[in-house]
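K.L.:
Structure incoming, see below.
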Amino acid sequence: MKKLITLALAAVFFSCSKEATPEYTVVSGKFTGAPKGKFTIKGNAFEKEISVNEDGSFADTLYIDYGGTYEMAKNEIYLHKGKNLSFELDIQNLDNITFSGDLATENKYFAQKKQLYKDILGKTTELYTLEESQFLVKIDEFTQKSNELLEASTFVIDDFKQNEQKSIGYNKEQLLRSYLSMHPFFTDNQAFQVSDTYPKSNKTIDFDNAKDYDFSVAYRELVVQNFR
(Lines of atoms letter the chains of each structure in order from A and count residues from 1; the text may use other names and numbers.)
(Lines give C-alpha, C1' and ligand atoms only; values in the text may rest on other atoms or scores of the structure.)
Protein backbone atom coordinates (compact mmCIF):
# COMPACT_ATOMS: atom_id res chain seq x y z
CA MET A 1 0.00 0.00 0.00
CA LYS A 2 2.80 2.42 0.95
CA LYS A 3 4.46 1.68 -2.36
CA LEU A 4 1.26 2.50 -4.27
CA ILE A 5 0.83 5.79 -2.38
CA THR A 6 4.44 6.72 -3.09
CA LEU A 7 3.99 5.98 -6.79
CA ALA A 8 0.75 7.98 -6.90
CA LEU A 9 2.36 10.99 -5.24
CA ALA A 10 5.30 10.75 -7.61
CA ALA A 11 2.93 10.71 -10.58
CA VAL A 12 1.10 13.80 -9.30
CA PHE A 13 4.39 15.61 -8.72
CA PHE A 14 5.63 14.71 -12.20
CA SER A 15 2.36 15.86 -13.77
CA CYS A 16 2.48 19.22 -11.97
CA SER A 17 6.12 19.73 -12.89
CA LYS A 18 5.39 18.90 -16.51
CA GLU A 19 2.52 21.38 -16.73
CA ALA A 20 4.33 24.28 -15.03
CA THR A 21 4.92 27.16 -17.43
CA PRO A 22 8.51 28.45 -17.49
CA GLU A 23 8.93 32.06 -16.41
CA TYR A 24 11.13 32.81 -19.40
CA THR A 25 11.35 32.60 -23.17
CA VAL A 26 14.32 31.61 -25.29
CA VAL A 27 15.14 33.54 -28.45
CA SER A 28 17.66 32.22 -30.93
CA GLY A 29 18.54 32.44 -34.59
CA LYS A 30 20.97 34.02 -36.98
CA PHE A 31 21.76 37.35 -38.61
CA THR A 32 23.15 37.46 -42.13
CA GLY A 33 24.97 40.36 -43.75
CA ALA A 34 26.39 41.65 -40.47
CA PRO A 35 29.60 41.15 -38.49
CA LYS A 36 29.75 39.98 -34.88
CA GLY A 37 28.00 42.46 -32.63
CA LYS A 38 24.91 42.98 -30.51
CA PHE A 39 21.23 43.78 -30.91
CA THR A 40 18.53 44.83 -28.49
CA ILE A 41 15.01 43.61 -27.80
CA LYS A 42 12.83 46.27 -26.17
CA GLY A 43 9.41 46.21 -24.56
CA ASN A 44 7.42 48.05 -21.93
CA ALA A 45 9.91 48.61 -19.07
CA PHE A 46 12.07 45.90 -20.66
CA GLU A 47 15.36 45.99 -22.55
CA LYS A 48 17.78 43.16 -23.25
CA GLU A 49 21.02 43.35 -25.22
CA ILE A 50 21.91 40.10 -26.96
CA SER A 51 25.36 39.19 -28.24
CA VAL A 52 25.81 37.87 -31.77
CA ASN A 53 28.53 35.31 -32.50
CA GLU A 54 31.04 35.62 -35.33
CA ASP A 55 28.94 33.35 -37.54
CA GLY A 56 25.86 35.53 -36.95
CA SER A 57 24.16 33.09 -34.58
CA PHE A 58 22.71 34.00 -31.20
CA ALA A 59 20.72 32.52 -28.34
CA ASP A 60 19.59 34.00 -25.04
CA THR A 61 17.05 33.57 -22.27
CA LEU A 62 14.64 36.43 -21.64
CA TYR A 63 12.76 36.86 -18.38
CA ILE A 64 9.82 38.87 -19.64
CA ASP A 65 7.00 40.33 -17.57
CA TYR A 66 4.25 40.01 -20.15
CA GLY A 67 3.17 38.24 -23.30
CA GLY A 68 2.88 40.84 -26.03
CA THR A 69 4.68 42.99 -28.57
CA TYR A 70 8.37 43.84 -28.41
CA GLU A 71 10.67 45.69 -30.80
CA MET A 72 13.74 44.21 -32.48
CA ALA A 73 15.69 45.82 -35.36
CA LYS A 74 12.69 47.92 -36.48
CA ASN A 75 10.49 44.82 -36.43
CA GLU A 76 7.62 44.09 -34.06
CA ILE A 77 7.90 40.61 -32.56
CA TYR A 78 5.55 38.70 -30.28
CA LEU A 79 6.96 37.02 -27.17
CA HIS A 80 5.18 34.91 -24.56
CA LYS A 81 6.36 33.26 -21.34
CA GLY A 82 7.20 29.60 -21.81
CA LYS A 83 7.19 29.84 -25.62
CA ASN A 84 10.40 29.99 -27.65
CA LEU A 85 11.09 31.93 -30.83
CA SER A 86 13.78 31.58 -33.45
CA PHE A 87 14.32 33.86 -36.43
CA GLU A 88 16.76 34.57 -39.23
CA LEU A 89 17.18 38.16 -40.37
CA ASP A 90 19.12 39.80 -43.19
CA ILE A 91 20.55 42.93 -41.61
CA GLN A 92 20.84 44.53 -45.05
CA ASN A 93 17.13 44.00 -45.64
CA LEU A 94 15.16 44.15 -42.39
CA ASP A 95 11.98 43.01 -44.13
CA ASN A 96 13.66 39.70 -44.97
CA ILE A 97 12.92 37.76 -41.79
CA THR A 98 11.79 34.17 -41.27
CA PHE A 99 10.45 32.62 -38.06
CA SER A 100 10.40 29.19 -36.47
CA GLY A 101 9.70 27.81 -33.01
CA ASP A 102 6.61 27.96 -30.80
CA LEU A 103 5.62 31.49 -31.83
CA ALA A 104 6.32 31.23 -35.56
CA THR A 105 2.71 31.75 -36.69
CA GLU A 106 2.13 34.80 -34.47
CA ASN A 107 5.30 36.46 -35.71
CA LYS A 108 4.73 35.48 -39.32
CA TYR A 109 1.37 37.25 -39.04
CA PHE A 110 3.06 40.40 -37.70
CA ALA A 111 5.52 40.37 -40.62
CA GLN A 112 2.73 39.90 -43.16
CA LYS A 113 0.69 42.74 -41.64
CA LYS A 114 3.74 44.99 -41.77
CA GLN A 115 4.05 44.24 -45.48
CA LEU A 116 0.34 45.01 -45.95
CA TYR A 117 0.90 48.39 -44.32
CA LYS A 118 3.76 49.16 -46.72
CA ASP A 119 1.89 47.92 -49.79
CA ILE A 120 -1.38 49.75 -49.08
CA LEU A 121 -0.51 52.81 -47.01
CA GLY A 122 3.01 53.43 -48.27
CA LYS A 123 5.27 56.11 -46.85
CA THR A 124 4.06 58.41 -44.09
CA THR A 125 4.43 61.58 -46.15
CA GLU A 126 2.50 60.13 -49.09
CA LEU A 127 -0.26 58.79 -46.85
CA TYR A 128 -0.98 62.00 -44.97
CA THR A 129 -0.84 64.26 -48.02
CA LEU A 130 -3.74 62.37 -49.60
CA GLU A 131 -7.07 64.12 -49.88
CA GLU A 132 -9.56 63.08 -47.23
CA SER A 133 -11.61 60.75 -49.44
CA GLN A 134 -8.50 59.01 -50.78
CA PHE A 135 -7.08 58.65 -47.29
CA LEU A 136 -10.26 57.02 -45.98
CA VAL A 137 -10.30 54.53 -48.86
CA LYS A 138 -6.73 53.52 -47.99
CA ILE A 139 -7.52 53.12 -44.29
CA ASP A 140 -10.61 51.00 -44.98
CA GLU A 141 -8.65 48.81 -47.40
CA PHE A 142 -5.84 48.25 -44.91
CA THR A 143 -8.29 47.45 -42.12
CA GLN A 144 -10.21 44.99 -44.30
CA LYS A 145 -7.06 43.24 -45.54
CA SER A 146 -5.70 43.02 -41.98
CA ASN A 147 -8.91 41.36 -40.78
CA GLU A 148 -8.85 38.95 -43.72
CA LEU A 149 -5.25 38.01 -42.93
CA LEU A 150 -6.17 37.49 -39.28
CA GLU A 151 -9.11 35.23 -40.13
CA ALA A 152 -6.93 33.15 -42.45
CA SER A 153 -4.27 32.58 -39.77
CA THR A 154 -4.07 29.99 -36.99
CA PHE A 155 -2.25 30.81 -33.76
CA VAL A 156 -0.69 28.94 -30.84
CA ILE A 157 -1.58 31.50 -28.16
CA ASP A 158 -5.27 31.27 -27.27
CA ASP A 159 -6.05 34.97 -26.88
CA PHE A 160 -3.78 36.25 -29.66
CA LYS A 161 -6.58 36.51 -32.21
CA GLN A 162 -8.91 38.33 -29.83
CA ASN A 163 -6.17 40.77 -28.84
CA GLU A 164 -5.23 41.37 -32.46
CA GLN A 165 -8.84 42.08 -33.44
CA LYS A 166 -8.81 44.91 -30.91
CA SER A 167 -5.40 46.06 -32.13
CA ILE A 168 -6.64 46.36 -35.72
CA GLY A 169 -9.41 48.62 -34.45
CA TYR A 170 -6.91 50.67 -32.46
CA ASN A 171 -4.72 50.97 -35.54
CA LYS A 172 -7.57 52.39 -37.60
CA GLU A 173 -8.50 54.83 -34.83
CA GLN A 174 -4.89 55.95 -34.46
CA LEU A 175 -4.53 56.60 -38.19
CA LEU A 176 -7.81 58.54 -38.33
CA ARG A 177 -6.78 60.74 -35.41
CA SER A 178 -3.29 61.29 -36.82
CA TYR A 179 -4.69 62.62 -40.09
CA LEU A 180 -6.22 65.60 -38.25
CA SER A 181 -2.77 66.99 -37.43
CA MET A 182 -0.52 65.28 -39.96
CA HIS A 183 -2.37 66.40 -43.09
CA PRO A 184 -2.10 70.12 -42.23
CA PHE A 185 1.56 69.60 -41.34
CA PHE A 186 2.62 67.77 -44.50
CA THR A 187 0.53 69.95 -46.84
CA ASP A 188 1.54 73.17 -45.07
CA ASN A 189 -2.13 74.06 -44.75
CA GLN A 190 -2.82 74.91 -41.12
CA ALA A 191 -6.34 76.07 -41.98
CA PHE A 192 -7.35 72.56 -43.09
CA GLN A 193 -10.48 71.06 -41.54
CA VAL A 194 -11.91 67.62 -42.22
CA SER A 195 -15.45 67.36 -43.60
CA ASP A 196 -18.56 66.81 -41.50
CA THR A 197 -18.69 63.20 -42.69
CA TYR A 198 -15.19 62.35 -41.45
CA PRO A 199 -15.36 59.51 -38.88
CA LYS A 200 -15.73 60.76 -35.32
CA SER A 201 -13.26 59.74 -32.63
CA ASN A 202 -14.21 56.65 -30.65
CA LYS A 203 -15.15 57.98 -27.20
CA THR A 204 -15.55 54.50 -25.69
CA ILE A 205 -11.84 53.58 -25.72
CA ASP A 206 -10.44 52.75 -22.29
CA PHE A 207 -7.04 54.44 -22.06
CA ASP A 208 -6.08 52.56 -18.90
CA ASN A 209 -5.91 48.97 -20.19
CA ALA A 210 -2.58 47.37 -19.29
CA LYS A 211 -3.20 44.22 -21.35
CA ASP A 212 -3.92 46.19 -24.52
CA TYR A 213 -0.89 48.39 -23.84
CA ASP A 214 1.36 45.32 -23.69
CA PHE A 215 -0.07 43.78 -26.85
CA SER A 216 -0.80 46.64 -29.23
CA VAL A 217 1.68 49.24 -30.48
CA ALA A 218 -1.26 51.14 -32.01
CA TYR A 219 -2.93 51.30 -28.59
CA ARG A 220 0.28 52.69 -27.06
CA GLU A 221 0.34 55.41 -29.71
CA LEU A 222 -3.32 56.19 -29.04
CA VAL A 223 -2.58 56.59 -25.33
CA VAL A 224 0.21 59.04 -26.12
CA GLN A 225 -2.06 60.97 -28.50
CA ASN A 226 -4.86 61.12 -25.94
CA PHE A 227 -2.72 62.52 -23.12
CA ARG A 228 -0.51 64.77 -25.27
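Using mature numbering (1 follows the signal peptide of the UniProt record, and there is no 0), the letters of the sequence shown correspond one by one to residues -20 to -1, 1 to 208.
The beta-carbon is built from N, C-alpha and C at its ideal position, and this holds for glycine as well.
1) Does the Cβ of valine 7 have 16 or more other Cβ atoms within 10 Å, making it buried, or fewer, making it exposed?
2) In chain order, what residues of the same chain lie with their CB nearer than 7 Å to the CB of methionine 162, ignoring the 5 residues before and after it?
3) If you pair each beta-carbon of the segment 100 to 119 with each one of the segment 80 to 88, do three or more pairs fall below 8 Å?
4) Quick one: using the 10 Å Cβ neighbour count with 16 as the cut-off for buried, is asparagine 143 buried or exposed?
5) Going by DSSP in three states, glycine 149 sits in which element: helix, strand or coil?
6) Helix, strand or coil for residue 216, going by three-state DSSP, please let me know.
7) Do the CB positions of glycine 23 and tyrosine 50 come within less than 9 Å of each other?
8) Under 8 Å: do the segment 25 to 42 and the segment 72 to 80 share three or more Cβ pairs, one atom per stretch?
9) May I have the straight-line CA-CA distance separating threonine 134 from glutamine 124, to the nearest angstrom?
10) Look at the alpha carbon of threonine 12 and the alpha carbon of asparagine 169, and state the distance between them as a whole number of angstroms.
11) With DSSP collapsed to three states, give me the class of serine 119.
P.N.:
In short:
1) buried
2) Tyr108
3) no
4) buried
5) helix
6) Any property of residue 216 remains undetermined from this structure, which presents the chain solely from -20 to 208.
7) yes
8) no
9) 18 Å
10) 45 Å
11) The sequence given here places isoleucine at residue 119; serine does not occur at that position. Of the three classes helix, strand and coil, the one that applies to isoleucine 119 here is helix, per DSSP.
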